[in-house]
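Just so you know, the sequences run in chain order A, B, C, D, E and F. Position one of the first sequence corresponds to residue 10 (this note's numbering), numbered consecutively onward. Position one of the second sequence corresponds to residue 10 (this note's numbering), numbered consecutively onward. Position one of the third sequence corresponds to residue 10 (this note's numbering), numbered consecutively onward. Position one of the fourth sequence corresponds to residue 10 (this note's numbering), numbered consecutively onward. Position one of the fifth sequence corresponds to residue 10 (this note's numbering), numbered consecutively onward. Position one of the sixth sequence corresponds to residue 10 (this note's numbering), numbered consecutively onward.
There are 6 protein chains.
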Amino acid sequence: MGQGYVLTEMTWPEVKEALETVRLAVIPLGAHEQHGPHMTESCDAVLAERMGRLLVAELHPLALLTPTVSMGVSSHHLHFPGTISLEPDTLIAVLRDMLRSLQGHGISKFLVLNAHGGNQATLGVAADKLTRELGVEFYYAKTTAAAKDVMDESIASKPYGHSCEREVSEALYLAPELVREAQLEPGAIQPPGRWSRLRPGNPLQGFYYYEEMTANGCIGDATRASRELGERLVRTALQRLAQAVRDVLDS
Amino acid sequence: MGQGYVLTEMTWPEVKEALETVRLAVIPLGAHEQHGPHMTESCDAVLAERMGRLLVAELHPLALLTPTVSMGVSSHHLHFPGTISLEPDTLIAVLRDMLRSLQGHGISKFLVLNAHGGNQATLGVAADKLTRELGVEFYYAKTTAAAKDVMDESIASKPYGHSCEREVSEALYLAPELVREAQLEPGAIQPPGRWSRLRPGNPLQGFYYYEEMTANGCIGDATRASRELGERLVRTALQRLAQAVRDVLDS
Amino acid sequence: MGQGYVLTEMTWPEVKEALETVRLAVIPLGAHEQHGPHMTESCDAVLAERMGRLLVAELHPLALLTPTVSMGVSSHHLHFPGTISLEPDTLIAVLRDMLRSLQGHGISKFLVLNAHGGNQATLGVAADKLTRELGVEFYYAKTTAAAKDVMDESIASKPYGHSCEREVSEALYLAPELVREAQLEPGAIQPPGRWSRLRPGNPLQGFYYYEEMTANGCIGDATRASRELGERLVRTALQRLAQAVRDVLDS
Amino acid sequence: MGQGYVLTEMTWPEVKEALETVRLAVIPLGAHEQHGPHMTESCDAVLAERMGRLLVAELHPLALLTPTVSMGVSSHHLHFPGTISLEPDTLIAVLRDMLRSLQGHGISKFLVLNAHGGNQATLGVAADKLTRELGVEFYYAKTTAAAKDVMDESIASKPYGHSCEREVSEALYLAPELVREAQLEPGAIQPPGRWSRLRPGNPLQGFYYYEEMTANGCIGDATRASRELGERLVRTALQRLAQAVRDVLDS
Amino acid sequence: MGQGYVLTEMTWPEVKEALETVRLAVIPLGAHEQHGPHMTESCDAVLAERMGRLLVAELHPLALLTPTVSMGVSSHHLHFPGTISLEPDTLIAVLRDMLRSLQGHGISKFLVLNAHGGNQATLGVAADKLTRELGVEFYYAKTTAAAKDVMDESIASKPYGHSCEREVSEALYLAPELVREAQLEPGAIQPPGRWSRLRPGNPLQGFYYYEEMTANGCIGDATRASRELGERLVRTALQRLAQAVRDVLDS
Amino acid sequence: MGQGYVLTEMTWPEVKEALETVRLAVIPLGAHEQHGPHMTESCDAVLAERMGRLLVAELHPLALLTPTVSMGVSSHHLHFPGTISLEPDTLIAVLRDMLRSLQGHGISKFLVLNAHGGNQATLGVAADKLTRELGVEFYYAKTTAAAKDVMDESIASKPYGHSCEREVSEALYLAPELVREAQLEPGAIQPPGRWSRLRPGNPLQGFYYYEEMTANGCIGDATRASRELGERLVRTALQRLAQAVRDVLDS
């Protein structure tokens with residue numbers, strides 16, 4: 010890490026020079042929300058930023074990492090102590106202001122690198138609105154979703170999805186300080202109910218609070234996580250993301 | 010059709026009586042957008058309403074069909090003549106006003122029955138906002154997505170997705186007046202480019218206009234559509250949706 | 010009916026061709042609200058659309074009918090079962106999005122054909138805002154107000170104004186399925202009170218709920234309605250509206 | 010003048026005492042806009058305030074006069090030098106803040122006394138929104154519209170409507186400093202055109218700028234104005250308004 | 010007073026002529042709020058307007074006085090009878106509309122002449138937003154803050170700040186009708202508490218209601234006020250303000 | 010550092026336990042903006058967070074540190090490469106969402122610890138709005154403004170204010186990685202002009218871009234900075250801030 014352009018660590022003359030080659034700004038987007046008893050609440054923000062650092066290093070000198078948007082849309086988690094959630098409109102306003110500021114510096118292509126599933130619908134709306142409103146190219150990606158096939162074949166505990174085998178593995182590789190290894194627990198899933206009828210793959214979708222689904226806030230079995238799996242997911246996704254970015258920059 | 014409660018066709022004393030048993034309002038949501046040379050632009054609105062009539066009949070006397078929201082978020086299609094698109098915020102405002110009005114009549118559970126994929130991200134945001142803001146239960150569903158397995162096994166022309174084998178089949182069963190049978194054409198897909206790198210399953214997501222992807226506005230082969238396939242998709246989805254609604258009403 | 014351009018029933022290539030002559034979009038605007046025991050709640054939306062079809066036929070090939078805005082500002086009626094009301098800001102947002110979309114297709118003149126008195130103040134504000142904001146020509150008209158003189162001389166039951174001799178007559182001509190002929194009742198007017206001091210012609214204006222004024226939701230005597238009167242009102246208004254549109258298109 | 014409660018001229022202990030009897034706040038609403046070569050641009054604001062002083066004196070000790078809202082919706086006049094126009098949303102926001110502040114002091118009934126026709130549509134929307142949002146009684150009235158019959162029989166120059174026989178007469182009685190008597194001119198009406206097809210009584214309504222209609226900004230013949238006519242209009246309207254207010258306070 | 014351009018007292022042809030030399034609009038901004046037992050609630054609005062008249066006379070023919078914004082952000086005073094407060098967003102909306110209207114008349118430089126401290130934060134935000142949004146020069150000034158040194162050396166009763174020696178002195182010179190000379194009282198300061206820890210110069214800032222700090226609504230000793238001090242403050246500030254305006258117009 | 014409650018580094022069960030004693034949330038607020046050639050652009054965000062860590066440690070177990078708001082209102086700096094600025098409304102929206110989320114966890118007192126002067130006006134408005142809207146206690150403080158007297162007596166290079174002797178000194182103590190010691194430069198102040206007439210202490214205030222005032226983006230002489238001065242400023246301010254917080258918590 011370190012050889013990519015990281016805006017928070019640069020002076021303005023350094024930025025000025027970097028802008029001669031930069032064609033894309035990468036915006037790490039996280040969340041501040043409960044991650045069960047074994048991960049700290051900044052988990053998504055830290056993972057997005059670490060992944061972002063790797064990505065801009067990979068794309069150097071074409072990309073620049075912006076400050077991290079460290080809170081996101083976490084309304085499902087609001088009943089767990091400490092969770093802070095932005096309204097979808099607030100998140101879009103933050104992104105709009107960032108894009109407009111960076112447009113002023115000559116950047117017109119943006120990738121929101123998102124570590125939190127709860128932000129995806131808002132990003133879909135943001136892509137629609139901001140592309141047309143500002144005349145920019147707006148891309149977004151879940152940090153390691155590009156390695157979905159590796160997840161499908163490697164993750165033993167299903168379903169997974171929050172502070173789980175996948176997420177803890179990624180943290181063990183990217184930011185082990187996020188993990189309380191002594192507290193690792195499997196998800197304490199609640200009996201089927203309204204929540205289970207709204208899970209992906211069911212006819213209906215809808216809003217439910219996380220405690221309806223899991224007593225400890227986890228979905229999946231974090232005790233099966235490993236640094237090795239994390240490394241594989243991160244490295245695979247990173248290569249694919251970098252290639253995908255190069256492709257759209259060229260197209 | 011006809012034995013369900015359809016609000017547009019009722020007087021207020023009839024509504025008053027219906028409200029003694031009604032526990033859910035079904036809101037048909039469509040779009041007004043191009044559907045290639047062989048479907049009329051109201052396609053999604055009409056299909057949503059027809060499906061909604063079947064669903065409230067199935068659920069009678071527990072459900073009531075509201076007026077159809079006949080325009081939606083169709084920004085991807087704006088460059089094709091005739092398309093009209095609501096901003097995501099406008100669509101949410103319309104839904105909010107409908108829910109608040111109906112809450113005043115004692116209804117607190119809502120299902121938006123959506124026929125247009127471009128509305129889904131906005132509905133995700135709406136579910137998050139309106140559930141918490143109004144204290145209601147807010148569900149949403151794509152009209153026939155509950156029959157995804159039938160689509161996977163029955164549809165020959167892939168990828169499909171817009172004015173295609175699936176959609177024309179559904180229309181032939183539900184509303185054949187939407188189809189110009191003499192004009193049926195397969196999608197005129199453009200060469201791979203930026204658009205193809207942003208299709209589902211790729212690492213990046215982002216906004217693109219439909220004409221980048223298809224010259225005639227279609228994705229899939231409408232010439233393979235049949236009323237029989239439409240009937241199977243609609244009937245399968247309908248049974249599953251109705252059961253899913255009963256389940257959440259009971260839970 | 011049918012020889013005018015009706016956007017909901019056209020494919021995009023057909024719209025493209027129509028746009029070569031079209032100079033005005035006609036937007037039918039209704040409401041979803043109680044109309045007493047003898048009219049269904051979609052009354053205003055259906056009448057606006059039917060009238061719109063006649064008008065674009067009359068103006069063919071200069072005009073095109075957009076999808077109907079089927080809900081409007083009906084706050085006065087919210088205490089009657091089934092009424093759904095949009096906030097004035099929501100209605101303006103819907104109109105703005107429609108106008109902007111249609112501007113993209115080359116149309117810059119618009120006529121909102123409104124069947125519901127409760128929308129008029131909002132349309133006045135919309136005309137002011139949208140004309141200046143979008144640089145369009147924005148016209149609006151009550152569907153049959155152009156035949157005010159015929160109403161004054163032909164309508165026997167006064168005051169009239171809601172689900173009354175006039176409105177039921179128009180429905181009997183344009184859309185008889187809206188009328189429950191067996192249930193026709195005169196308005197059940199309440200004793201004079203705050204509401205009567207706020208009726209048109211009094212020094213003060215202000216908001217009141219409809220049930221303060223009429224127990225069954227009607228103002229006027231629907232039992233005196235006739236298809237003949239409806240035809241005369243509609244045909245007179247239609248000729249005058251069409252001429253008025255031609256005049257502003259020429260000026 | 011002077012024996013009514015005028016908030017701008019009171020200290021807080023005086024207001025506190027007045028609130029023991031006050032049941033209605035009267036809000037004068039004007040405009041800042043051109044009034045031709047013979048009236049100053051604050052005309053509507055000054056007339057509303059003067060009329061308001063008379064009205065609260067008449068209603069003493071039941072009513073209290075608030076500060077004047079001295080600018081309104083004057084978009085039609087924006088092309089004449091000096092005109093300042095508030096957006097409709099801004100005017101509603103100002104009224105909302107005034108009502109909420111005064112609700113905190115125990116007042117729940119409000120009369121907007123409006124001297125400018127261009128504000129009426131916005132007041133209609135405000136009445137609808139603010140009544141329901143704040144739970145208040147919201148009334149509005151044009152300052153001398155209650156004397157419409159007197160106008161119809163006494164005003165010689167028709168049509169009238171802006172800086173005309175009526176308005177100059179009222180000013181000569183209420184605030185003669187607004188009038189440049191040496192500059193009095195009849196309206197310099199433009200040839201018929203789009204504007205004349207949108208005047209009241211025509212099938213279509215719509216927005217047009219005042220200079221399309223009148224070269225000097227006036228409609229009507231100010232040279233026929235008299236203090237006597239002004240006095241009659243003002244005194245008649247005042248008595249009727251005061252009675253109407255007493256009636257709604259009692260109902 | 011009187012030889013400056015005062016928009017409220019001009020006709021449009023007079024404004025048209027004035028605009029040939031005018032380079033700056035001066036917007037008086039006040040408040041409607043309690044000023045203790047010895048000043049009327051319109052105090053700030055009246056002082057701002059009087060000061061504005063003097064300033065445009067001083068700057069004649071370069072400046073023009075707009076209508077006074079007579080209410081401002083007075084939330085701290087809302088618990089005293091009669092206070093009316095605008096939300097900060099409402100005040101900014103009013104200013105935006107004024108600036109946009111006046112831009113249409115060719116003015117691009119604005120000075121908000123503010124008599125009320127509670128408006129300052131909002132004006133800071135307005136300066137930031139409106140400058141960039143409208144491309145104007147936006148200046149603001151407290152009416153007599155330019156004479157801060159004279160205050161420091163001449164005012165005996167400290168702390169001062171509301172309906173005090175300074176403010177009553179200014180009123181005795183500019184608008185003696187605002188003062189109830191028989192009721193003059195020193196501020197009835199409350200015992201130290203949360204409010205005193207939030208006064209200027211303390212580590213923390215924050216919102217508190219005025220009655221926490223002063224029982225009669227005054228800060229400072231109005232009994233020591235004099236017309237002479239008022240004249241000195243006003244005349245000193247006026248000269249400095251006028252010079253400062255000339256300097257920025259020249260730079 | 011480390012013995013205070015830092016929300017980003019805690020799990021939800023740890024937060025739950027902490028909430029038993031916590032009475033105040035400290036929200037670090039920074040900016041992302043140019044700090045001349047010798048400080049990185051995240052300077053204000055990092056200093057706010059470091060200072061926040063010290064403060065919650067000092068107040069332990071009464072206070073909890075929230076995630077840092079790392080971008081703020083930096084419009085003055087937008088023309089220097091890399092600066093990102095939030096609109097004032099966006100910053101208020103972010104703070105509102107944070108406060109509402111934390112209210113749900115039982116916290117009702119908040120201190121925004123702000124390292125950037127450009128945020129102060131927005132915080133003034135936020136304090137006014139959010140206090141009344143949410144019913145919370147909302148405090149804000151510049152990080153080291155409580156040591157103003159130490160600055161006045163210790164700082165040699167005046168004026169100072171941005172990436173200067175004071176700020177670099179604080180960074181050398183709190184976060185030396187922000188400083189490029191080899192690049193330290195005094196401010197490259199521009200000749201007097203419009204900007205100098207708008208500096209604090211002048212009669213007029215208004216918006217100007219930073220490059221009008223300083224070519225390298227600095228105000229003050231960073232070459233005179235020292236870790237010792239930074240330590241004194243930070244430690245003095247910290248003790249005073251902590252005491253001020255304890256005082257308001259007790260009052």
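C-beta atoms are modelled at their ideal positions from N, C-alpha and C, and glycine is treated no differently. Computed from a predicted structure; not experimentally measured.
#1: Thinking I228 of chain C and G196 of chain C are a contact (beta carbons under 8 Å), I'd like their distance in whole angstroms, please.
#2: Listed from N- to C-terminal order along the chain, which residues in the stretch 177-209 of chain B have their beta-carbon within a distance smaller than 8 Å of any beta-carbon of chain A?
#3: Using three-state DSSP, classify I101 of chain B as helix, strand or coil.
#4: Starting from A54 of chain F, follow the alpha helix (DSSP H) in both directions and report where the run begins and ends.
#5: So, do the stretch 101-112 of chain E and the stretch 34-44 of chain F have three or more beta carbon pairs nearer to each other than 8 Å?
#6: Mind pulling the alpha helix (DSSP H) runs of 4 or more residues that sit fully within the stretch 96-180 of chain C?
#7: What first and last residue would you give for the beta strand (DSSP E) that runs through V257 of chain E?
#8: Looking at C-alpha atoms only, which residue of A:V65, A:C52, A:E18 and A:A66 is the closest neighbour of L183 of chain A?
#9: Let me see if you follow: with CB-CB separation under 9 Å, is H88 of chain F close to chain A or not?
#10: Give me the chain B residues within the contact set of E146 of chain A, using Cβ-Cβ distance strictly less than 9 Å, ordered along the chain.
#11: Run down chain E in chain order and give the residues with a C-beta less than 8 Å from the C-beta of S83 of chain F.
#12: Check each candidate in C:R189, C:R175, C:A136 and C:W204 and name the one with the smallest Cα separation from D161 of chain C.
#13: Is it the case that the Cβ atoms of R233 of chain C and S166 of chain C are separated by a distance below 9 Å?
#14: How about H85 of chain A and G133 of chain A: are their beta carbons less than 9 Å apart?
#15: Run through DSSP, which three-state label would P209 of chain F get?
#16: Please confirm if M160 of chain E has its CB atom under 9 Å from at least one CB of chain D.
#17: Select from D:A231, D:R208 and D:L213 the residue whose C-alpha is nearest the C-alpha of M222 of chain D.
#18: As a quick exercise: from A:D230, A:R244 and A:G81, pick the residue whose alpha carbon is nearest that of G39 of chain A.
#19: Taking only three categories from DSSP, how would you classify H86 of chain D?
#20: Under the three-state reduction of DSSP, which class applies to Q6 of chain F: helix, strand or coil?
#21: Considering just the uninterrupted stretch of the alpha helix (DSSP H) at V35 of chain B, what are its terminal residues?
#22: Alpha carbon to alpha carbon, what distance is there between N211 of chain C and L63 of chain D?
#23: Going by beta carbon distance, what residues of the same chain come within less than 6 Å of A246 of chain A, once the five residues before and after it are set aside?
#24: Give the secondary structure of M222 of chain B by DSSP, where H, G and I count as helix, E and B as strand, and everything else as coil.
#25: Taking 9 Å as the cut-off, decide whether the C-beta atoms of H88 of chain C and G13 of chain C are in contact.
#26: Please confirm if K25 of chain C has its CB atom under 9 Å from at least one CB of chain D.
#27: Mind the definition here: the stretch 136-150 of chain B touches the stretch 113-126 of chain B only if three or more C-beta pairs lie below 8 Å; say whether that holds.
#28: Among E:L111, E:V188 and E:L108, which residue has its Cα nearest to the Cα of E18 of chain D?
#29: Rank C:G45, C:D137 and C:L122 by C-alpha distance to the C-alpha of V78 of chain C and give the top, closest one.
#30: In terms of residues, what are the limits of the beta strand (DSSP E) holding A72 of chain A?
#31: Does S260 of chain D pass the burial test, meaning 16 or more other C-beta atoms within 10 Å, or should it be called exposed?
#32: Could you tell me the distance, in whole angstroms, from the CA atom of Q129 of chain D to the CA atom of Y169 of chain B?
#33: Give me the residue from B:A27, B:G226, B:P201 and B:D230 with the minimum Cα distance to T75 of chain B.
For this structure:
#1: Numbered from its first residue, the third sequence carries residue 228 of chain C at position 219. Numbered from its first residue, the third sequence carries residue 196 of chain C at position 187. About 5 Å; that satisfies the 8 Å criterion.
#2: Those residues of the stretch 177-209 of chain B that come within reach of chain A (Cβ to Cβ, closer than 8 Å) are G202, R203, R206 and L207.
#3: Taking the second sequence and counting its residues from 1, the one referred to as residue 101 of chain B is at position 92. Of the three classes helix, strand and coil, the one that applies to I101 of chain B here is helix, per DSSP.
#4: For the purposes of this step, residue 54 of chain F is taken as residue 45 along the sixth sequence, with counting starting at 1. Here the alpha helix (DSSP H) through A54 of chain F covers C52 to L68.
#5: Contact annotation: the stretch 101-112 of chain E does not touch the stretch 34-44 of chain F, with fewer than three C-beta pairs closer than 8 Å.
#6: The alpha helix (DSSP H) runs lying completely inside the stretch 96-180 of chain C and spanning 4 residues or more are 97-112, 129-143 and 157-163, given in chain order.
#7: Here residue 257 of chain E is taken as the residue at index 248 of the fifth sequence, counted from 1. Membership of V257 of chain E in any beta strand (DSSP E) is not indicated; the residue belongs instead to the alpha helix (DSSP H) covering R236 to D259.
#8: For this step, residue 183 of chain A is matched to residue 174 along the first sequence. Of the candidates A:V65, A:C52, A:E18 and A:A66, the one whose C-alpha sits nearest the C-alpha of L183 of chain A is A:C52.
#9: Your numbering for residue 88 of chain F matches position 79 in the sixth sequence. Yes, H88 of chain F lies at the interface with chain A (some Cβ there is under 9 Å from its Cβ).
#10: By 1-based counting over the first sequence, the position of residue 146 of chain A is 137. Neighbours of E146 of chain A on chain B, chain order: R203, G215 and F216.
#11: Residue 83 of chain F sits at position 74 when you count from the first residue of the sixth sequence. None at all; the shortest Cβ gap to chain E is about 10 Å.
#12: Translated into positions along the third sequence, residue 161 of chain C becomes position 152. For the options C:R189, C:R175, C:A136 and C:W204, the alpha carbon positioned closest to that of D161 of chain C is the one of C:R175.
#13: Translated into the one-based positions of the third sequence, residue 233 of chain C becomes position 224. Translated into the one-based positions of the third sequence, residue 166 of chain C becomes position 157. If you check the CB distance, R233 of chain C and S166 of chain C come in under 9 Å.
#14: Here residue 85 of chain A is taken as the residue at index 76 of the first sequence, counted from 1. Here residue 133 of chain A is taken as the residue at index 124 of the first sequence, counted from 1. Their beta carbons are not under 9 Å apart, which means H85 of chain A does not touch G133 of chain A by this criterion.
#15: Indexing the sixth sequence from 1 puts residue 209 of chain F at position 200. Three-state DSSP puts P209 of chain F in coil, outside helix and strand.
#16: Taking the first residue of the fifth sequence as 1, we reach residue 160 of chain E at position 151. False, the Cβ-Cβ gap to chain D never drops below 9 Å.
#17: If you number the fourth sequence from 1, residue 222 of chain D lands on position 213. Cα-wise, what sits closest to M222 of chain D is D:R208.
#18: Locating residue 39 of chain A in the first sequence gives position 30, counting from the first residue. Comparing Cα-Cα distances from G39 of chain A to each of A:D230, A:R244 and A:G81, the minimum goes to A:G81.
#19: The residue given as residue 86 of chain D occupies position 77 in the fourth sequence. If DSSP states are grouped into helix, strand and coil, H86 of chain D belongs with the helices.
#20: Residue 6 of chain F falls outside the range modelled here, since chain F spans only 10 to 260, and no answer is possible.
#21: Along the second sequence, one-based indexing puts residue 35 of chain B at 26. Going by DSSP, V35 of chain B is part of no alpha helix (DSSP H) but of the beta strand (DSSP E) stretching over L33 to L38.
#22: In the fourth sequence, counting from the first residue as 1, residue 63 of chain D sits at position 54. In the third sequence, counting from the first residue as 1, residue 211 of chain C sits at position 202. Going by the C-alpha atoms only, they are around 20 Å apart.
#23: Locating residue 246 of chain A in the first sequence gives position 237, where the first residue counts as 1. The residues T153, A155 and A156, in chain order, have a CB closer than 6 Å to that of A246 of chain A in the same chain once the five nearest residues on each side in sequence are set aside.
#24: If you number the second sequence from 1, residue 222 of chain B lands on position 213. Annotated three-state conformation of M222 of chain B is coil, per DSSP.
#25: Here residue 88 of chain C refers to the residue found at position 79 of the third sequence. Here residue 13 of chain C refers to the residue found at position 4 of the third sequence. Not closer than 9 Å, so no.
#26: Taking the first residue of the third sequence as 1, we reach residue 25 of chain C at position 16. In terms of beta-carbon proximity, K25 of chain C stays away from the interface with chain D, with every pair separated by 9 Å or more.
#27: In short, these stretches touch, since the Cβ pair count reaches three.
#28: Locating residue 18 of chain D in the fourth sequence gives position 9, where the first residue counts as 1. Closest by alpha carbon: E:V188.
#29: Here the question's residue 78 of chain C lines up with position 69 in the third sequence. Per the Cα distances, C:L122.
#30: For the purposes of this step, residue 72 of chain A is taken as the residue at position 63 of the first sequence. For A72 of chain A, the enclosing beta strand (DSSP E) stretches over residues A72 to L74.
#31: In the fourth sequence, counting from the first residue as 1, residue 260 of chain D sits at position 251. An exposed status is given to S260 of chain D, since fewer than 16 other beta-carbon atoms sit within 10 Å of its beta-carbon.
#32: Numbered from 1 along the fourth sequence, position 120 holds the residue referred to as residue 129 of chain D. Numbered from 1 along the second sequence, position 160 holds the residue referred to as residue 169 of chain B. For the pair Q129 of chain D and Y169 of chain B, the Cα-to-Cα distance works out to about 53 Å.
#33: One-based indexing of the second sequence puts residue 75 of chain B at position 66. Taking T75 of chain B as reference, the option from B:A27, B:G226, B:P201 and B:D230 with the minimal CA-CA separation is B:A27.
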